[in-house]
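Some notes on the structure that comes next.
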Amino acid sequence: MKKILMAEYLEYNSDFKVGNHHYAKMFSENGYEVLWLSPVYNLMTRVINKKNYYQRKELNKAEFVKLDNNIYGYAPFSLTLYGKLPLLDTRLANKISINLTVPNINLTLKNNGFDNVDILWLTNVKYYYLTKTVGFNKLIYRCADDISQFKESCKSMAFFEEKIIKKADHVFVTSHNLMEKKKPLREDLIYLPNGVELNNFIRDEYSIPEEYVNDTRKKCIYIGAIDNWFDLNLVLYCADKLKEISFYLIGPSRIDTSKLNEFKNIHLLGKKHYKDIPNYLKYSDVGIIPFLINSVTDSIAPIKLYEYMSVGLNVVSTNFKEINYIKSAAYISENYSEFCSNIEQAIENKNINREKNINFSRENTWEKRFRETEKHI
Numbered sequence: 000m001k002k003i004l005m006a007e008y009l010e011y012n013s014d015f016k017v018g019n020h021h022y023a024k025m026f027s028e029n030g031y032e033v034l035w036l037s038p039v040y041n042l043m044t045r046v047i048n049k050k051n052y053y054q055r056k057e058l059n060k061a062e063f064v065k066l067d068n069n070i071y072g073y074a075p076f077s078l079t080l081y082g083k084l085p086l087l088d089t090r091l092a093n094k095i096s097i098n099l100t101v102p103n104i105n106l107t108l109k110n111n112g113f114d115n116v117d118i119l120w121l122t123n124v125k126y127y128y129l130t131k132t133v134g135f136n137k138l139i140y141r142c143a144d145d146i147s148q149f150k151e152s153c154k155s156m157a158f159f160e161e162k163i164i165k166k167a168d169h170v171f172v173t174s175h176n177l178m179e180k181k182k183p184l185r186e187d188l189i190y191l192p193n194g195v196e197l198n199n200f201i202r203d204e205y206s207i208p209e210e211y212v213n214d215t216r217k218k219c220i221y222i223g224a225i226d227n228w229f230d231l232n233l234v235l236y237c238a239d240k241l242k243e244i245s246f247y248l249i250g251p252s253r254i255d256t257s258k259l260n261e262f263k264n265i266h267l268l269g270k271k272h273y274k275d276i277p278n279y280l281k282y283s284d285v286g287i288i289p290f291l292i293n294s295v296t297d298s299i300a301p302i303k304l305y306e307y308m309s310v311g312l313n314v315v316s317t318n319f320k321e322i323n324y325i326k327s328a329a330y331i332s333e334n335y336s337e338f339c340s341n342i343e344q345a346i347e348n349k350n351i352n353r354e355k356n357i358n359f360s361r362e363n364t365w366e367k368r369f370r371e372t373e374k375h376i
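So the sequence shown is numbered by numbering that gives the first Met the number 0: it starts at 0 and just counts up by one.
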């Protein structure tokens, strides 16, 4: 079998399935052994994020841990960390962090047969130094976010990203704004947007979620993190104007959401398993993307658009950049009032647009995206 090493920001078993989870699965089903390399961790990680620490500790084994069919996981432990902290946000700190992994990451890769691979697939630019120590036939960089806009990103990560973009055989970008921002570094960027895993969302049978059983109102759903890009005030505005509609928010809250609790028609459900999400979508009446318009969302290409539409839902969105490039039937809103009106209209037209939305998702599957990558690898 061929081999691909995927160096990532997230765990393979993270709460969210992002693009690289789907690519890993597709590679594993198409003749590849996949190594999912989680971020470097150390004892400081335990203080910052205890869950991540123990997840990675379980992966720090001499023999790589089997995560799925043909997919293995490993998380390097280092004596020092590279991060957004005094003295640790430097190029040297990153190099030292890799060199002081225990056991040594390069030796561990060699012992498991991943010191020479067919594809070195980088998403996490902190793993730049692997391009100097791992043998590969193809170096791929998948740019799915503007890392410079995230508060947890190290300033020196821009240096590593630039090096990787220039060195890679191919660079995939998920949004047009990322294309424009990275174009000064190289011209031959490949636009490869996100997609949807239809096998998870289109089913013969769905189960009504227990939270929905006694709620007879129309249901408006949001799936995803409630973070700095989420327009909390927009949701509050809509919940106040549309009291006859229930708003269900599924995903981790990383900002203060206490104001949401003041509304009886807003339901914070927290994290839900990926396999359960289709049930919530199927029994909802409209999906929303209430993003703020800022430098972070300028480069976002939301997977949730495709997932909402896979079950036929109409989608109401704010007018962030990438939504205008995606040829969907989403209701794009310029302001709070229009967003509310579009929710009502989307619910009213639910059955009219159902097949159109499903067909849109069928044209934007992860399998189709994978076939595009195959042309370049």
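Each residue gets a CB set at the ideal place from its N, CA and C atoms; glycine is no exception. Please read these numbers as outputs of a predicted model, since none were measured by experiment.
Straight across, the Cα-Cα distance linking Lys131 with Leu138 is about 11 Å. When C-alpha distances from Lys217 are compared across Lys16, Leu34, Phe200, Ser245, the shortest belongs to Ser245.
In the DSSP assignment, Met5 is bridged to Trp35, Trp120. In the displayed model, Ile346 falls within a helix according to three-state DSSP.
By the neighbour-count definition (other C-beta atoms within 10 Å, threshold 16), Ala157 is an exposed residue. The three-state secondary structure of His375, taken from DSSP, is coil. For Asn110, the enclosing alpha helix (DSSP H) starts and ends at 104-110.
For Ile222, the closest C-alpha among the options Glu151, Leu184, Lys274 is that of Lys274. The three-state reading of DSSP puts Asn115 in strand, counting E and B together. Of all C-beta pairs linking the region 332-352 to the region 225-245, three or more are shorter than 8 Å, placing the two stretches in contact. When C-beta atoms of the region 256-274 are compared with those of the region 179-187, fewer than three pairs fall below 8 Å, so the two segments do not count as touching. Closest in alpha carbon position to Leu291, among Phe63, Ile225, Asn29, is Ile225.
For Val234, there is no enclosing beta strand (DSSP E); the residue is part of the alpha helix (DSSP H) that begins and ends at 231-240. Under the DSSP assignment, Lys166 falls in the alpha helix (DSSP H) whose first and last residues are 156-166. Remark: C-beta atoms of Glu204 and Asn123 do not approach each other more closely than 8 Å.
It is roughly 37 Å from the alpha-carbon of Met43 to the alpha-carbon of His175. Judged by DSSP secondary structure, Leu267 falls within the beta strand (DSSP E) whose first and last residues are 265-269.
Exclusion of the five residues before and after Tyr330 leaves Val315, Asn341, Ala345 as the residues of its chain whose Cβ lies within less than 6 Å of its Cβ. Excluding residues up to 5 positions away in sequence, Gly311 lie with their Cβ nearer than 6 Å to the Cβ of Ile357 in the same chain. Its Cα nearest to that of Glu62, the residue Leu106 stands out among Ser360, Asp117, Leu106. Runs of the alpha helix (DSSP H) lying entirely within the region 297-336 and spanning at least 4 residues, in chain order: 302-309. Judged by DSSP secondary structure, Phe135 falls within the beta strand (DSSP E) whose first and last residues are 134-142.
In the DSSP assignment, Leu66 falls within the beta strand (DSSP E) that extends over 64-67.
Taken through DSSP and simplified to helix, strand or coil, Lys355 comes out as helix. Looking at the DSSP output, Lys218 sits in a beta bridge with Ser245. Judged by DSSP secondary structure, Tyr73 falls within the beta strand (DSSP E) whose first and last residues are 70-73.
Val172 is bridged by DSSP to Cys142, Tyr190. From the listed residues Cys237, Tyr279, Glu151, Asp114, the smallest Cα separation to Lys83 is found for Glu151. Cα atoms of Gln54 and Ile299: separation of roughly 27 Å, rounded to the nearest angstrom. Comparing alpha carbon positions, the residue from Lys271, Asn93, Trp35 closest to Ile118 is Trp35.
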